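Peer 1:
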Amino acid sequence: MNPRPADPTDDPSEIARLAARILADHCPTGLRWARAAVILTDLTDRDTYMTLPGLEPRLDKGLADAIDAINHRYGAVHAGIGYAGIRGRGRDDADTGADWRMRRTMLSPRATTRWDEIAIAKAT
Numbered sequence: 121m122n123p124r125p126a127d128p129t130d131d132p133s134e135i136a137r138l139a140a141r142i143l144a145d146h147c148p149t150g151l152r153w154a155r156a157a158v159i160l161t162d163l164t165d166r167d168t169y170m171t172l173p174g175l176e177p178r179l180d181k182g183l184a185d186a187i188d189a190i191n192h193r194y195g196a197v198h199a200g201i202g203y204a205g206i207r208g209r210g211r212d213d214a215d216t217g218a219d220w221r222m223r224r225t226m227l228s229p230r231a232t233t234r235w236d237e238i239a240i241a242k243a244t
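Numbering-wise, the sequence shown is residues 121 to 244 according to this note's numbering.
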């Protein structure tokens with residue numbers, strides 16, 4: 121069973137911490153990874169979630185607010201959790217800070233996220 125936060129959260133550092141913990145539990149020792157996909161389930165409206173008085177989750181919005189402020193001031197590719205030089209505009213080495221470049225010819229089909237790439241099944 122995968123770990124969940126004690127209370128619903130929109131804190132990116134908490135979500136990243138849980139993702140790293142899951143990867144540590146499931147990846148072989150020494151395996152290098154760069155990204156982890158996160159599926160958000162059991163979404164709850166912030167204004168309707170209630171808990172017992174005195175047991176409210178501790179909210180630390182400092183990091184999230186700092187990331188938002190940096191990205192608002194300098195652009196969306198300047199700060200984030202876990203970027204480590206692999207995030208950028210994604211087109212040029214200078215933008216990503218990496219010494220590699222993605223080959224667009226190796227791009228997987230995006231049939232679940234792009235209308236123009238949805239798979240078509242034809243019955244005969």
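Even glycine gets a Cβ: it sits at the ideal position worked out from N, Cα and C.
These numbers come from a predicted model, not from an experiment.
Mind checking whether H198 and I187 have CB atoms under 7 Å apart?
Peer 2: no
Peer 1: Using 8 Å as the cut-off, can you tell me whether the stretch 164-183 makes contact with the stretch 224-240, which would need three or more C-beta pairs spanning the two stretches below that distance?
Peer 2: no
Peer 1: Under the three-state reduction of DSSP, which class applies to E134: helix, strand or coil?
Peer 2: E134 carries a helical assignment under DSSP once its states are collapsed to helix, strand and coil.
Peer 1: Measuring CB to CB, does P128 end up less than 7 Å from R141?
Peer 2: The Cβ atoms of P128 and R141 lie no closer than 7 Å to each other.
Peer 1: Reducing DSSP to helix, strand and coil, say where Y194 ends up.
Peer 2: helix
Peer 1: Assign M226 to one of three DSSP states: helix, strand, or coil.
Peer 2: helix
Peer 1: Compute the Euclidean distance between the alpha carbons of L151 and L160, then round it to the nearest angstrom.
Peer 2: 25 Å
Peer 1: DSSP three-state label for A126, please.
Peer 2: Coil.
Peer 1: How big is the Cα-Cα spacing for R137 and E176?
Peer 2: 20 Å
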